[in-house]
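Before any comments, here is the structure.
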Amino acid sequence: DGGGDAESVAFYSQDMNLGMQARMRLETGLRHALAENQLLLHYQPKYALGSGRMIGAEALVRWRHPVHGMIPPAEFIPLAESTGLVVQVGEWVLEAACAQAQAWKQAGLPPIRIAVNVSAREFTSALPGRVAAMLERYGLEAAWLELEITESTLMHNIERVIGIMDRITALGVALSLDDFGTGYSSLSYLKRFPIDTLKIDRSFTTGIPSDASDCAIATTIISIAQQLHHKVIAEGVETAEQMAFLNSAGCDEVQGYLFSRPLAAEEFECVLRLNWNL
Ligand code: C2E
Ligand code: CA
Ligand code: CA
Ligand code: CA
402 DGGGDAESVA FYSQDMNLGM QARMRLETGL RHALAENQLL LHYQPKYALG
452 SGRMIGAEAL VRWRHPVHGM IPPAEFIPLA ESTGLVVQVG EWVLEAACAQ
502 AQAWKQAGLP PIRIAVNVSA REFTSALPGR VAAMLERYGL EAAWLELEIT
552 ESTLMHNIER VIGIMDRITA LGVALSLDDF GTGYSSLSYL KRFPIDTLKI
602 DRSFTTGIPS DASDCAIATT IISIAQQLHH KVIAEGVETA EQMAFLNSAG
652 CDEVQGYLFS RPLAAEEFEC VLRLNWNL
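Taken in order, the sequence shown gives residues 402 to 679; the numbers are from UniProt numbering.
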C-alpha cells in the first residue's frame, strides 16, 4: 500500500509494539498535525464496470509532515486507533470530505459519492448526528457521501451497531463493508446489516486470475452480494486480466491502480471532468 507516497519516510513504525516513548511522540505529533492542518485527503476514483463512468471516490488521509514528508495512513492510523485519537482524525476527515464535496458541487460537478473510512472506535451513537450535521453545514444531499466500515466494527455489540447503521442509512448515506472476507463476521448477520455495497479486499483481487482460491472467493463474494441485493466493488485492481475476470463474474464497480492511484483534489477534479466530458 501507499505506492502513491513513494517519497514518504518510514518515520513512525507500523509496529504496535513500539515503545512508550515512540507512541507518545506519535500522539503528540498527530495532535499537532490536527491543530496545524497537516492532514490532507487524496481521492481514489471508483468506476462502474458497465458504463466506465466514474461514480465515486474513496477519501484517503495523508499526513504532510513539515520534516518527514508525506506519511501514509498505515504509519499513523493503527496507533491513532489504539490511543483513541482516531476519533478526532475521523472528525477531521469527515468534515474535509464534506467541504471538498461542497466545492465540487458548487463547481457544477455531478453528485459522485465520496467514501470516508470510519474506524470501529468512531462507530458510536454520536456518529449519525455528526454525519447529519456535516451534510447540513455543507449543504450536501446524502448522495454525496458514503461511509466505509470494516468487519471489525461489526464484531462488537451487533444490536447496537445495527441501530447506528439504521440511523445513518435513514439519512440516505450509503454504507459499504470494507475488507470483506478478511474478518470474522458471520454470514447470518450479514443479511441484517443495512449495507449498500460489499468491498472485495485487495488481498483477494491480487491473486486473480492465477490463484484458484482467490478467484473462487471473489466469485463467491459477488454471488453473495447479488443474492442479498448489495452492490459489489473490488479494490486493488491492477491488471486488465483482473478487470476482465471481475467483469465476467458480475462485479459492479472497480477501484485500483489500473485506473488511478489516489489523487490530490485538483487532479481528481480534472480526471472526473474528463470522464464525464464536462
Ligand atoms: P483501505 O481502506 O483498504 O484503502 C485502500 C488502500 O489500498 C489505500 O491505501 C489505497 O491507496 C490502496 N490501493 C488502492 N488501489 C490499489 C492498488 O491497485 N494496488 C495497491 N497495492 N494498493 C492500492 P492507503 O491510502 O495507504 O490507506 C491504507 C489504509 O489506511 C486504508 O485501507 C484504511 O484502512 C486506512 N485509512 C486511510 N484513510 C483513512 C481514514 O481517513 N480514516 C481511517 N479510519 N482509516 C483510513
Ligand atoms: Ca476503505
Ligand atoms: Ca479496503
Ligand atoms: Ca484492504
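All residues carry an ideal CB built from backbone N, CA and C; glycine is no exception.
Note that the coordinates shown come from a computational prediction; the quantities given were computed from them, not determined experimentally.
Subject >> Endpoints, beta strand (DSSP E) assigned at Tyr-448 >> reply: 440 to 449
Original post:
Does the segment 457 to 475 come close enough to the segment 488 to 507 to have 3 or more Cβ pairs within less than 8 angstroms?
Top reply: yes
Original post:
Which runs of the alpha helix (DSSP H), 4 residues or longer, sit entirely within the segment 538 to 566?
Top reply: 552 to 555
Subject >> Sequence-distant residues of the same chain with beta carbon closer than 7 angstroms to Arg-593, five excluded per side >> reply: Ile-563
Subject >> Residues near Ile-456 in its chain [Cβ-Cβ closer than 8 angstroms; skip 5 each side] >> reply: Lys-447, Tyr-448, Ala-449, Ile-513, Arg-514, Glu-654
Original post:
How many Å lie between Val-517 and Phe-660 at the Cα?
Top reply: 20 angstroms
Original post:
In this structure, what does DSSP give as the bridge partners for Gly-470?
Top reply: His-466
Subject >> Gln-445 CB to nearest heavy atom of ligand 1 below 7 angstroms >> reply: yes
**OP:** Please report how far the alpha carbon of Arg-454 lies from the alpha carbon of Val-672, in whole angstroms.
**Re:** 11 angstroms
**OP:** Could you tell me if Pro-473 is buried or exposed, where buried requires 16 or more neighbouring beta carbons within 10 angstroms of its beta carbon?
**Re:** buried
Original post:
Exposed or buried, Trp-505, counting other C-beta atoms within 10 Å across all chains shown (16 or more means buried)?
Top reply: buried
**OP:** Find out if the Cβ-Cβ distance for the pair Thr-606, Val-638 is shorter than 8 angstroms.
**Re:** yes
**OP:** Return yes when the C-beta of Arg-531 is under 7 angstroms from any heavy atom of ligand 1, and no when it is not.
**Re:** no
Original post:
Any heavy atom of ligand 2 closer than 7 angstroms to the CB of Asp-602?
Top reply: no
Original post:
How far does the alpha helix (DSSP H) with Ile-515 in it reach, from first residue to last?
Top reply: Where Ile-515 is concerned, there is no enclosing alpha helix (DSSP H), although the beta strand (DSSP E) it sits in stretches over 514 to 519.
Original post:
From which residue to which residue does the alpha helix (DSSP H) around Phe-646 run?
Top reply: 641 to 650
**OP:** Give me the Cα-Cα distance between Glu-670 and Pro-511, rounded to the nearest whole angstrom.
**Re:** 11 angstroms
Original post:
Below 8 angstroms between beta carbons: does that hold for Asp-602 and Ser-577?
Top reply: no
**OP:** Please write down, chain order preserved, every residue whose beta carbon lies under 5 angstroms from a heavy atom of ligand 2.
**Re:** Asn-518, Glu-549, Asp-579
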